[in-house]
Amino acid sequence: MTVLLLSLAGGLGAASRFLVDSAVTHRQRLSTPMGTFVVNASACLLLGLLTGWTVTRSGYDGVVTVVGVGFLGGYSTFSTASVEAARLLLAGRGVAAVLHPLAMLVVCLAAAAAGLALTG
Numbered sequence: 000m001t002v003l004l005l006s007l008a009g010g011l012g013a014a015s016r017f018l019v020d021s022a023v024t025h026r027q028r029l030s031t032p033m034g035t036f037v038v039n040a041s042a043c044l045l046l047g048l049l050t051g052w053t054v055t056r057s058g059y060d061g062v063v064t065v066v067g068v069g070f071l072g073g074y075s076t077f078s079t080a081s082v083e084a085a086r087l088l089l090a091g092r093g094v095a096a097v098l099h100p101l102a103m104l105v106v107c108l109a110a111a112a113a114g115l116a117l118t119g
């Protein structure tokens, strides 16, 4: 049963990623890919909240698996962020190719830490 729920949650996460990424991309005015940035930062915040909430409670392993691994695993995307950085580099935008993923890393770490702190 866990594998089925995990699969369904992963699919819902991927669909949610598509919707959020599309919404951000259609509204942004920047020339850098901000949809993936928003998706990954929000995924880190949510995973931090989930982890912080379950760390002090027992019996929620299934929730962590389905929501954390399934939904948030399908929602977040390291591979797309890497491809976007490579595309910026190949387009001759070396500074953006370095600063964009670096900023994403810093914001994602801060979001995860904030999620943990908010529950602890």
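Residue 111 in numbering that gives the first Met the number 0 sits at position 112 of the sequence shown; the count goes up by one each step and never skips. The beta carbon of each residue, even a glycine, is placed where N, CA and C say it ideally should be. Note that the structure is predicted; figures quoted are calculated from it, not measured.
Taking just the CA atoms, how far does residue j sit from residue i?
i: Leu7; j: Arg92; result: 38 Å
i: Val105; j: Gly114; result: 14 Å
i: Gly34; j: Thr1; result: 30 Å
i: Val19; j: His25; result: 10 Å
i: Thr118; j: Ala95; result: 34 Å
i: Ala102; j: Ser15; result: 23 Å
i: Val97; j: Val54; result: 34 Å
i: Pro100; j: Ser81; result: 8 Å
i: Gln27; j: Gly10; result: 26 Å
i: Ala85; j: Thr76; result: 15 Å
i: Arg56; j: Val62; result: 12 Å
i: Ser21; j: Phe36; result: 12 Å
i: Phe17; j: Cys107; result: 19 Å
i: Asp60; j: Val23; result: 32 Å
i: Ser78; j: Gly58; result: 32 Å
i: Ala90; j: Val38; result: 23 Å
Pick out whichever of the options has its Cα sitting closest to the Cα of residue i.
i: Glu83; options: Thr55, Ala13, Pro32 and Ser15; result: Pro32
i: Leu4; options: Thr64, Leu45 and Thr50; result: Thr64
i: Tyr177; options: Arg28, Gln27, Ala40 and Ala111; result: Here the chain comprises residues numbered 0 to 119, so residue 177 is not present and cannot be evaluated.
i: Ala112; options: Ser21, Trp52 and Ala22; result: Trp52
Output yes or no for whether 8 Å exceeds the beta carbon distance between residue i and residue j.
i: Gly69; j: Gly12; result: yes
i: Leu71; j: Ala42; result: yes
i: Leu44; j: Ala110; result: yes
i: Val66; j: Leu88; result: no
Could you check whether the Cβ of residue i sits closer than 7 Å to any heavy atom belonging to the ligand NAP?
i: Leu104; result: Absent from the structure shown: the ligand NAP. Ligands present: none.
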